[in-house]
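Peer 1: Numbering (my numbering), first residue to last: 55 to 347.
#1: In the DSSP assignment, find the unbroken alpha helix (DSSP H) run with residue 262 in it and report its ends.
#2: What is the rounded straight-line gap between the Cα of residue 73 and the Cα of residue 187?
#3: Ignoring anything shorter than 4 residues, give me the alpha helix (DSSP H) runs that lie fully in the stretch 75-144, in order along the chain.
#4: Should residue 145 go down as buried or exposed, given a rule of 16 or more other Cβ atoms within 10 Å for buried?
#5: Quick one: grab the DSSP three-state call for residue 330.
#6: Do the stretch 75-94 and the stretch 233-246 meet, that is, are 3 or more Cβ pairs less than 8 angstroms apart?
#7: Report yes if the CB atom of residue 240 is closer than 8 angstroms to the CB atom of residue 222, and no otherwise.
#8: Assign residue 221 to one of three DSSP states: helix, strand, or coil.
#9: Which whole runs of the beta strand (DSSP E) in the stretch 267-296 are 3 residues long or more, in chain order?
#10: What residue does the beta strand (DSSP E) around residue 167 start on, and which one ends it?
#11: Can you find the residues in the same chain that come closer than 6 angstroms, C-beta to C-beta, to residue 215, ignoring five residues on each side of it along the sequence?
#12: Identify every residue that forms a DSSP beta bridge with residue 226.
#13: Along the beta strand (DSSP E) that carries residue 343, what are the first and last residues, could you check?
#14: Which of the three DSSP states, helix, strand or coil, is assigned to residue 69?
#15: Tell me whether the beta-carbon of residue 142 lies closer than 8 angstroms to the beta-carbon of residue 165.
#16: Considering only C-alpha positions, which residue in the set 114, 92, 347 and 91 is nearest to residue 102?
#17: Can you name the start and end residues of the alpha helix (DSSP H) that residue 154 belongs to?
#18: Would you report the Cα separation of residue 184 and residue 178, rounded to the nearest angstrom?
#19: Can you confirm whether residue 164, when its beta carbon is compared against all beta carbons of chain C, has any partner nearer than 8 angstroms?
#20: Does residue 171 pass the burial test, meaning 16 or more other C-beta atoms within 10 Å, or should it be called exposed?
#21: Cβ of residue 218 within 7 angstroms of any heavy atom in the ligand NAP?
#22: Determine the extent of the beta strand (DSSP E) in which residue 307 is found, giving its start and end residues.
#23: For residue 108, tell me which candidate among 213, 62, 261 and 219 has the shortest Cα-Cα distance.
#24: Would you list the one or two residues that DSSP bridges to residue 193?
#25: Within the continuous beta strand (DSSP E) that includes residue 184, where are the two ends?
#26: What does DSSP give as the partner residues of residue 318 in its beta bridges?
#27: Please identify the residue among 274, 200 and 229 whose C-alpha is closest to the C-alpha of residue 242.
#28: Quick check: what's the CA-CA separation for residue 304 versus residue 334?
#29: Name the DSSP bridge partner or partners of residue 216?
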């Protein structure tokens with residue numbers, strides 16, 4: 055009876071990780087859905103040994119569904135390497151001691167767009183170092199860890215800056231050879247019990263108001279299979295680029311989280327992302343190459 059009770063509790067927690075739309079605790083659990091799926095598989099085995107066939111069938115279905123949501127994004131089709139646009143996404147970390155290596159890596163990769171988080175007084179100089187190659191720039195303050203910024207090699211549409219101070223969002227419209235688009239940087243709080251769900255609700259109207267194509271890079275502090283991701287992609291009419299890249303190490307690297315993402319218009323052809331080095335940050339960077347339509 056005790057083993058059965060523990061098995062059911064494990065399956066209940068796994069199931070709760072799918073209900074972020076009902077309560078933000080679901081998204082907090084979704085962060086660990088990979089581990090919870092393994093624990094759930096062990097729980098199903100316990101039910102098999104106890105010959106609880108109905109519970110076994112329900113538990114096995116939940117485990118398979120959970121494994122599907124975690125594993126399927128890894129099989130995202132990649133595009134050829136000659137895609138026309140690229141974006142470099144980076145949470146710089148307010149603790150970054152020196153931005154020289156990051157500036158060098160960005161310039162070597164030569165993306166069209168740059169999105170940055172945790173931009174503070176100590177590392178704000180990076181925008182100056184990029185100014186000659188990326189003259190169109192916008193910055194917006196966020197929290198004590200620093201603000202969010204975007205930079206583009208293509209010219210800015212005059213007066214298009216959108217800054218939501220304290221909300222973790224900055225945007226500007228730029229003119230590219232493929233037409234105008236909104237370049238957005240996003241930095242979300244950690245999930246429940248922190249304020250991510252409420253922050254996303256406040257951001258949705260501003261994101262929906264961006265008419266036309268949207269290219270967004272950011273530190274979501276959330277995994278691809280979450281309600282938060284569904285809400286942001288729906289508001290911007292975008293989809294995440296490439297297979298998930300594990301960009302944030304927890305517990306001295308024992309557990310890695312895919313929480314940095316790049317989003318582009320939902321109707322684009324397949325594209326890909328590559329992980330870039332940490333370069334003094336606690337996050338790895340992302341380089342995304344993609345089409346606009």
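C-beta: ideal position from N, C-alpha, C; glycine also.
Peer 2: Once the coordinates are examined:
#1: Residue mapping note: residue 262 aligns to position 208 of the chain shown, counting from 1. It spans 250-262 - the alpha helix (DSSP H) in which residue 262 sits, taken as one unbroken run.
#2: The residue given as residue 73 occupies position 19 in the chain shown. The residue given as residue 187 occupies position 133 in the chain shown. Distance between the alpha carbons of residue 73 and residue 187 is about 44 angstroms.
#3: 79-84, 87-103 and 107-125
#4: Residue mapping note: residue 145 aligns to position 91 of the chain shown, counting from 1. By the 10 Å Cβ count, residue 145 comes out buried.
#5: Mapped onto the chain shown, residue 330 falls at position 276. Residue 330: strand per DSSP, three-state reduction.
#6: yes
#7: On the chain shown, residue 240 is found 186 positions in, with the first residue counted as 1. On the chain shown, residue 222 is found 168 positions in, with the first residue counted as 1. Yes, they are a contact pair.
#8: Stepping through the chain shown from its first residue, residue 221 is reached at position 167. Note: residue 221 maps to coil in three-state DSSP.
#9: 267-273 and 292-294
#10: Within the chain shown, the letter at position 113 stands for residue 167. Note, residue 167: beta strand (DSSP E), 167-173.
#11: Residue mapping note: residue 215 aligns to position 161 of the chain shown, counting from 1. Excluding residues within five positions, the ones whose Cβ falls inside 6 angstroms are 192 and 226.
#12: The residue labelled residue 226 in the question sits at position 172 within the chain shown. DSSP, once it has assigned bridges, lists 237 as partnering residue 226.
#13: Here residue 343 corresponds to residue number 289 of the chain shown, with the count starting at 1. Taken as a continuous stretch (DSSP letters only), the beta strand (DSSP E) holding residue 343 covers 339-344.
#14: If you number the chain shown from 1, residue 69 lands on position 15. Note: residue 69 maps to helix in three-state DSSP.
#15: Taking the first residue of the chain shown as 1, we reach residue 142 at position 88. Taking the first residue of the chain shown as 1, we reach residue 165 at position 111. In contact: residue 142 and residue 165 (Cβ atoms closer than 8 angstroms).
#16: Locating residue 102 in the chain shown gives position 48, where the first residue counts as 1. Residue 114 is the option with its Cα nearest to residue 102.
#17: As a working mapping, residue 154 is identified with position 100 in the chain shown. Looking at the DSSP string, the run of the alpha helix (DSSP H) that includes residue 154 is 154-163.
#18: Counted from its first residue, the chain shown places residue 184 at position 130. Counted from its first residue, the chain shown places residue 178 at position 124. Computed Cα separation, rounded: 11 angstroms.
#19: Chain labels in this structure do not include chain C; a single protein chain is all it has.
#20: To locate residue 171, count along the chain shown from 1; it is residue 117. Counting Cβ neighbours within 10 Å, residue 171 comes out buried, since at least 16 surround it.
#21: As for the ligand NAP, it is missing from this structure, which has no ligand bound.
#22: Here the question's residue 307 lines up with position 253 in the chain shown. Run containing residue 307: none; DSSP gives neither H nor E here.
#23: Taking the chain shown and counting its residues from 1, one reaches residue 108 at position 54. Of the candidates 213, 62, 261 and 219, the one whose C-alpha sits nearest the C-alpha of residue 108 is 62.
#24: Here residue 193 is taken as the residue at index 139 of the chain shown, counted from 1. Bridge partners of residue 193: 203.
#25: Residue mapping note: residue 184 aligns to position 130 of the chain shown, counting from 1. Residue 184 -> not in any beta strand (DSSP E); alpha helix (DSSP H) instead, spanning 179-184.
#26: Along the chain shown, read from residue 1 onward, the residue named residue 318 stands at position 264. Partner(s): 293.
#27: Translated into the one-based positions of the chain shown, residue 242 becomes position 188. When each option's Cα is compared against that of residue 242, the closest is 274.
#28: Your numbering for residue 304 matches position 250 in the chain shown. Your numbering for residue 334 matches position 280 in the chain shown. Rounded to the nearest angstrom, the two C-alpha atoms are 16 angstroms apart.
#29: As a first step, residue 216 is located in the chain shown; it is residue number 162 there, counting from the start. DSSP, once it has assigned bridges, lists 225 as partnering residue 216.
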